[in-house]
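Peer 1: Dropping a structure here in structure tokens format, bear with me for questions.
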Amino acid sequence: MSLLQTHNLTIGYGDQPLVSDINVSLEAGQLVGLIGQNGVGKSTLIRTLAGFQRPLSGSISLGGIELTKLDAKAISKKLGVVLTEKPTALNLSVLELISLGRHPYSGWLGQLKKEDVAKIEEAIEQTQIHHILNKRLFELSDGQLQKVMIARVLAQDTDVILLDEPTSHLDLRNKIDVLDLLKKISQSGKAVLISTHEISLSAKVCDVYWGVDFGVPLEIGKPTELLASGMLADILHVKNAAL
Amino acid sequence: MIQQHFDTSVKKWRVTFIGLFVVLCLVFLASLAIGSVTIPLGQTTKFLTGGEVENTGWQAILINFRLPKALTAILVGSALGISGLQMQTLFRNPLAGPFILGISSGAGLGVALVIFIGFAIGGFFGIPDFARNWLMVGSAAVGSFLVLSVIGVAALRVRSGVSLLIIGLMFGAAVSAIVSIMQFFSQAENIQAYVIWSFGSLGSLSWNELSVLTPIVVLSLIYAFILSKQLNALLLGETYAESSGLNLKSTRILIILNTSLLAGSVTAFCGPIAFVGLAVPHLARMLFNTSNHLLLTPLIILLGAILMLVFDLVAQLPGSDATLPINAVTSLLGAPFVIWLILRKNNLHYSFEK
Numbered sequence: 001m002s003l004l005q006t007h008n009l010t011i012g013y014g015d016q017p018l019v020s021d022i023n024v025s026l027e028a029g030q031l032v033g034l035i036g037q038n039g040v041g042k043s044t045l046i047r048t049l050a051g052f053q054r055p056l057s058g059s060i061s062l063g064g065i066e067l068t069k070l071d072a073k074a075i076s077k078k079l080g081v082v083l084t085e086k087p088t089a090l091n092l093s094v095l096e097l098i099s100l101g102r103h104p105y106s107g108w109l110g111q112l113k114k115e116d117v118a119k120i121e122e123a124i125e126q127t128q129i130h131h132i133l134n135k136r137l138f139e140l141s142d143g144q145l146q147k148v149m150i151a152r153v154l155a156q157d158t159d160v161i162l163l164d165e166p167t168s169h170l171d172l173r174n175k176i177d178v179l180d181l182l183k184k185i186s187q188s189g190k191a192v193l194i195s196t197h198e199i200s201l202s203a204k205v206c207d208v209y210w211g212v213d214f215g216v217p218l219e220i221g222k223p224t225e226l227l228a229s230g231m232l233a234d235i236l237h238v239k240n241a242a243l
Numbered sequence: 244m245i246q247q248h249f250d251t252s253v254k255k256w257r258v259t260f261i262g263l264f265v266v267l268c269l270v271f272l273a274s275l276a277i278g279s280v281t282i283p284l285g286q287t288t289k290f291l292t293g294g295e296v297e298n299t300g301w302q303a304i305l306i307n308f309r310l311p312k313a314l315t316a317i318l319v320g321s322a323l324g325i326s327g328l329q330m331q332t333l334f335r336n337p338l339a340g341p342f343i344l345g346i347s348s349g350a351g352l353g354v355a356l357v358i359f360i361g362f363a364i365g366g367f368f369g370i371p372d373f374a375r376n377w378l379m380v381g382s383a384a385v386g387s388f389l390v391l392s393v394i395g396v397a398a399l400r401v402r403s404g405v406s407l408l409i410i411g412l413m414f415g416a417a418v419s420a421i422v423s424i425m426q427f428f429s430q431a432e433n434i435q436a437y438v439i440w441s442f443g444s445l446g447s448l449s450w451n452e453l454s455v456l457t458p459i460v461v462l463s464l465i466y467a468f469i470l471s472k473q474l475n476a477l478l479l480g481e482t483y484a485e486s487s488g489l490n491l492k493s494t495r496i497l498i499i500l501n502t503s504l505l506a507g508s509v510t511a512f513c514g515p516i517a518f519v520g521l522a523v524p525h526l527a528r529m530l531f532n533t534s535n536h537l538l539l540t541p542l543i544i545l546l547g548a549i550l551m552l553v554f555d556l557v558a559q560l561p562g563s564d565a566t567l568p569i570n571a572v573t574s575l576l577g578a579p580f581v582i583w584l585i586l587r588k589n590n591l592h593y594s595f596e597k
């Protein structure tokens with residue numbers, strides 16, 4: 001089932017298109033890897049899909065509805081994000097941060113109903129962060145913080161989750177943990193899109209790669225196929241690199 | 244499991260709130276009893292509970308001076324504290340305060356215009372005190388409202404909070420410059436009147452004026468509490484807040500409107516009272532270790548009121564006839580306290596980034 005679709009989407013800033021004519025679909029149960037060099041437009045694509053910036057042309061439909069017709073609240077119930085930026089107030093406790101994930105659903109003062117508490121517990125269970133609930137964000141390691149941010153977006157209870165470089169700054173152990181976690185989340189029926197430079201690890205978990213390169217159409221395929229055909233090396237401009 | 248966490252924290256906070264409320268009552272009582280003339284506590288409580296005070300002089304002091312001033316202090320401390328909190332959260336900047344967007348500069352311009360032009364036309368000092376007071380209050384309110392309307396238009400146009408902050412600062416600077424030019428070309432008597440206004444004052448409010456200020460501040464404080472959910476979402480940063488379903492632009496306008504009602508009305512009646520708005524939110528976050536606005540809002544209302552009453556007590560120089568300008572006392576006592584707290588905690592983790 002397609003949860004998010006683009007039609008001839010062109011993204012970029014002002015009158016400078018970064019990537020043109022994107023026709024992709026995010027399916028329920030899929031973990032998609034967005035692969036490409038720095039500056040190629042991965043973050044811009046994520047920001048555009050999330051509705052933070054307008055497409056230059058073309059359209060996006062979220063759950064069958066045109067994205068521009070949805071307001072922030074309606075989008076927030078269907079699509080959640082984890083960005084590279086940290087939250088501003090780092091003295092929030094982990095539990096407070098995850099509770100903020102219920103913002104679209106909670107009462108007019110932010111009161112949590114039974115269902116909200118249940119969703120928060122579920123998110124904590126899935127990310128296995130029981131032991132740090134009372135810690136403040138500034139006390140967390142990068143790996144812990146990433147899991148907490150993922151728990152927050154899980155609590156937001158959206159069908160689509162977009163993550164911008166969720167494995168950067170993490171050590172190998174934590175990279176594997178986070179990718180495994182995202183795999184499990186996608187298998188629970190959500191559509192998960194991650195941008196990543198972590199080819200060898202993400203190739204094992206991603207169902208599909210979207211390869212982005214300067215000035216050419218998006219390349220879509222299974223990670224193994226893109227790797228075997230040398231297409232991925234092309235996209236990343238590492239074909240003749242001596243290692 | 245989680246429910247337990249929430250339940251224990253409710254119990255913990257209930258104790259804190261009751262404690263602060265008791266302290267507020269005690270300080271309030273002290274501020275009624277202590278001043279150039281000391282009135283026995285027993286008589287003060289009798290007065291508050293509606294009984295007859297033995298000494299008619301005391302009765303007059305309490306009803307005409309000390310009670311309105313203590314109530315003003317409570318309103319001012321709460322209003323400025325909350326508007327400082329809102330600005331710090333909105334702009335994610337620990338240095339923001341109620342006047343960051345130029346509210347006090349706007350009020351200052353209004354007052355300066357009335358004083359200087361009034362003098363030029365003649366007769367500003369000739370009109371009755373009562374009329375002059377209202378003229379100054381009105382002009383301060385119009386001045387800050389005009390500055391804020393410009394900021395409001397800007398808030399609709401710019402996307403980032405930081406740009407808005409800089410626009411506010413620039414505007415405030417330009418407005419202050421106009422006041423400087425007016426001061427440069429006017430006589431000593433006018434300048435003195437303006438400078439005295441800029442010292443701030445809690446004691447000049449009549450019951451009449453209080454009956455205007457009180458409903459504005461109380462309603463705005465209630466609305467500030469209602470804004471807690473939006474302010475909490477802003478703690479995530481603007482992008483995350485938007486992706487949590489927050490309408491950034493309308494939220495921004497509502498917060499600015501709320502802050503301008505709080506800080507603008509207080510400044511109109513009491514002058515630009517410094518420091519409290521900047522420091523009380525920091526004190527509350529440090530002392531109570533939370534950044535949840537549902538807690539911070541009532542905490543700051545109580546803490547701001549308590550501190551303002553204490554500052555005013557000190558400004559009275561109990562036992563003497565002289566009083567200090569309230570602005571000097573707030574900064575002189577408040578600044579070392581904040582510095583001490585920061586040194587003790589050794590960082591600013593409590594509020595913003597590392």
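Respectively, the protein sequence lines represent chains U and V. The first sequence begins at 1 in this note's numbering and counts up by one. The second sequence begins at 244 in this note's numbering and counts up by one. Every residue gets a Cβ at the ideal spot worked out from N, C-alpha and C, and that includes glycine. As the structure is a prediction and not an experimental result, all values here were calculated from the model.
Can you pull out the residues from the stretch 333–348 of chain V whose beta carbon lies closer than 9 Å to at least one beta carbon of chain U?
Peer 2: Arg-335
Peer 1: Using three-state DSSP, classify Ser-331/V as helix, strand or coil.
Peer 2: One-based indexing of the second sequence puts residue 331/V at position 88. Note that residue 331/V is Gln in the sequence shown, not Ser. In this structure, Gln-331/V counts as helix in the three-state DSSP scheme.
Peer 1: Taking Cβ-Cβ distances shorter than 9 Å, what residues in chain U pair up with Thr-482/V?
Peer 2: Along the second sequence, one-based indexing puts residue 482/V at 239. Ordered by position in chain U, the residues that pass the 9 Å Cβ test against Thr-482/V are Arg-47, Ala-50, Phe-52, Val-81, Leu-83 and Glu-85.
Peer 1: What do you get for Val-205/U, buried or exposed, if any count of 16 or more other CB atoms within 10 angstroms of its CB means buried?
Peer 2: Walking along the first sequence from the start, residue 205/U turns up at place 205. It is buried - the Cβ of Val-205/U has at least 16 other Cβ atoms within 10 Å.
Peer 1: At what residues does the beta strand (DSSP E) containing Asn-174/U begin and finish?
Peer 2: Looking up residue 174/U in the first sequence gives position 174. Segment 172–187 is the alpha helix (DSSP H) holding Asn-174/U; no beta strand (DSSP E) there.
Peer 1: Contact between the stretch 83–97 of chain U and the stretch 521–537 of chain V is defined here as three or more beta-carbon pairs at a separation below 8 Å; is this criterion met?
Peer 2: yes
Peer 1: Since I believe Gly-386/V is in contact with Gly-353/V (beta carbons under 8 Å), could you give me their beta-carbon distance rounded to a whole number of angstroms?
Peer 2: By one-based count along the second sequence, residue 353/V stands at place 110. By one-based count along the second sequence, residue 386/V stands at place 143. Right, the Cβ-Cβ distance comes to about 3 Å (below 8 Å), so this counts as a contact.
Peer 1: Residues in its own chain within less than 6 Å of Ala-316/V by CB, not counting five upstream and five downstream?
Peer 2: As a position in the second sequence, residue 316/V is number 73, starting the count at 1. Closer than 6 Å at the Cβ level, and outside the excluded window around Ala-316/V, lie Leu-445, Met-551, Leu-552 and Asp-555.
Peer 1: Against Leu-479/V, what residues of chain U qualify as contacts under a CB-to-CB distance less than 8 Å, listed in chain order?
Peer 2: Position 236 of the second sequence, counted from the first residue, corresponds to residue 479/V. Under the 8 Å cutoff, chain U gives Pro-87, Thr-88, Ala-89, Leu-97 and Leu-100.
Peer 1: Would you say the stretch 244–252 of chain V touches the stretch 211–222 of chain U, given that touching needs at least three Cβ pairs under 8 Å?
Peer 2: no
Peer 1: Look up Ser-423/V in the DSSP assignment and say whether it is helix, strand or coil.
Peer 2: By one-based count along the second sequence, residue 423/V stands at place 180. If DSSP states are grouped into helix, strand and coil, Ser-423/V belongs with the helices.
Peer 1: How far does the alpha helix (DSSP H) with Leu-9/U in it reach, from first residue to last?
Peer 2: In the first sequence, residue 9/U corresponds to position 9, counting from 1. Not the alpha helix (DSSP H): Leu-9/U falls in the beta strand (DSSP E), residues 2–13.
Peer 1: Which one of Ile-22/U, Ala-72/U, Lys-184/U and Glu-96/U has the shortest CA to CA distance from Thr-482/V?
Peer 2: In the second sequence, residue 482/V corresponds to position 239, counting from 1. Considering only alpha carbons, the answer is Ala-72/U.
Peer 1: Considering Asp-21/U, what are the terminal residues of the beta strand (DSSP E) in which it resides?
Peer 2: Numbered from 1 along the first sequence, position 21 holds the residue referred to as residue 21/U. 16–22 is the extent of the beta strand (DSSP E) around Asp-21/U.
Peer 1: Would you list the one or two residues that DSSP bridges to Glu-27/U?
Peer 2: Here the question's residue 27/U lines up with position 27 in the first sequence. For Glu-27/U, which the question treats as bridged, DSSP gives the partners Ser-2/U.
Peer 1: Can you have a look at Val-148/U and say buried or exposed, based on whether 16 or more other CB atoms are within 10 angstroms of its CB?
Peer 2: Numbered from 1 along the first sequence, position 148 holds the residue referred to as residue 148/U. Buried.
Peer 1: DSSP beta-bridge partners for Arg-136/U?
Peer 2: Reading the first sequence from its first residue, position 136 is the one you call residue 136/U. Answer is Ser-93/U.
Peer 1: Quick one: complete alpha helix (DSSP H) runs, 4+ long, within the stretch 424–464 of chain V?
Peer 2: Counting only runs that start and end inside the stretch 424–464 of chain V, the alpha helix (DSSP H) elements of at least 4 residues fall at 431–442.
Peer 1: Is the shortest distance between the beta-carbon of Leu-412/V and the beta-carbons of chain U less than 8 Å?
Peer 2: Here residue 412/V corresponds to residue number 169 of the second sequence, with the count starting at 1. Not an interface residue.
Peer 1: Just checking: is the beta-carbon of Ile-245/V within a distance shorter than 8 Å of some beta-carbon in chain U?
Peer 2: Within the second sequence, numbered from 1, the residue matching residue 245/V stands at position 2. Cβ-Cβ to chain U under 8 Å: yes for Ile-245/V.
Peer 1: Quick one: what does DSSP say Ser-141/U is sitting in, helix, strand or coil?
Peer 2: What you label residue 141/U is simply residue 141 of the first sequence in a count that begins at 1. Coil at Ser-141/U, not helix or strand.
Peer 1: When DSSP builds the beta bridges, which residues end up paired with Gly-211/U?
Peer 2: As a first step, residue 211/U is located in the first sequence; it is residue number 211 there, counting from the start. Answer is Ile-35/U and Glu-219/U, bridged to Gly-211/U.
Peer 1: Residues in its own chain within less than 6 Å of Trp-440/V by CB, not counting five upstream and five downstream?
Peer 2: The residue given as residue 440/V occupies position 197 in the second sequence. So the qualifying residues of the chain are Val-354 and Gly-514.
Peer 1: Could you please give the first and the last residue of the uninterrupted beta strand (DSSP E) stretch that includes Gly-80/U?
Peer 2: Here residue 80/U refers to the residue found at position 80 when the first sequence is read from its first residue. Run containing Gly-80/U: 79–82, per the beta strand (DSSP E) assignment.
Peer 1: Counting contacts by CB-CB distance shorter than 8 Å, is Ala-76/U in contact with chain V?
Peer 2: Residue 76/U sits at position 76 when you count from the first residue of the first sequence. A small correction: the amino acid at residue 76/U is Ser; Ala does not occupy that position in the sequence shown. It does: the Cβ of Ser-76/U has a partner Cβ on chain V nearer than 8 Å.
Peer 1: Within 8 Å of any Cβ in chain U, is that where the Cβ of Lys-597/V sits?
Peer 2: Here residue 597/V corresponds to residue number 354 of the second sequence, with the count starting at 1. With a pLDDT of only 38 at Lys-597/V, under 50, the local geometry of the prediction cannot be trusted, and the value read off the model is given with reservation. Lys-597/V counts as touching chain U.
Peer 1: According to DSSP, is Val-405/V helix, strand or coil?
Peer 2: Position 162 of the second sequence, counted from the first residue, corresponds to residue 405/V. In this structure, Val-405/V counts as helix in the three-state DSSP scheme.
Peer 1: List the whole-angstrom C-beta distance separating Val-398/V from Arg-495/V, where the pair is believed to meet the contact cut-off of C-beta under 8 Å.
Peer 2: Locating residue 398/V in the second sequence gives position 155, counting from the first residue. Locating residue 495/V in the second sequence gives position 252, counting from the first residue. Note that residue 398/V corresponds to Ala in the displayed sequence, not to Val. Rounded, the Cβ-Cβ distance is 5 Å, consistent with contact.
Peer 1: Would you grab the beta carbon distance between Asp-159/U and Lys-190/U for me? Rounded to a whole angstrom, and I think it's under 8 Å.
Peer 2: Your numbering for residue 159/U matches position 159 in the first sequence. Your numbering for residue 190/U matches position 190 in the first sequence. With a beta-carbon spacing of about 6 Å, Asp-159/U and Lys-190/U fall inside the 8 Å limit used to define contacts.
Peer 1: Run through the stretch 485–509 of chain V for me and flag every whole beta strand (DSSP E) of 3 or more residues, listed as ranges in chain order.
Peer 2: none
Peer 1: According to DSSP, is Ile-277/V helix, strand or coil?
Peer 2: If you number the second sequence from 1, residue 277/V lands on position 34. Correct three-state label for Ile-277/V: coil.
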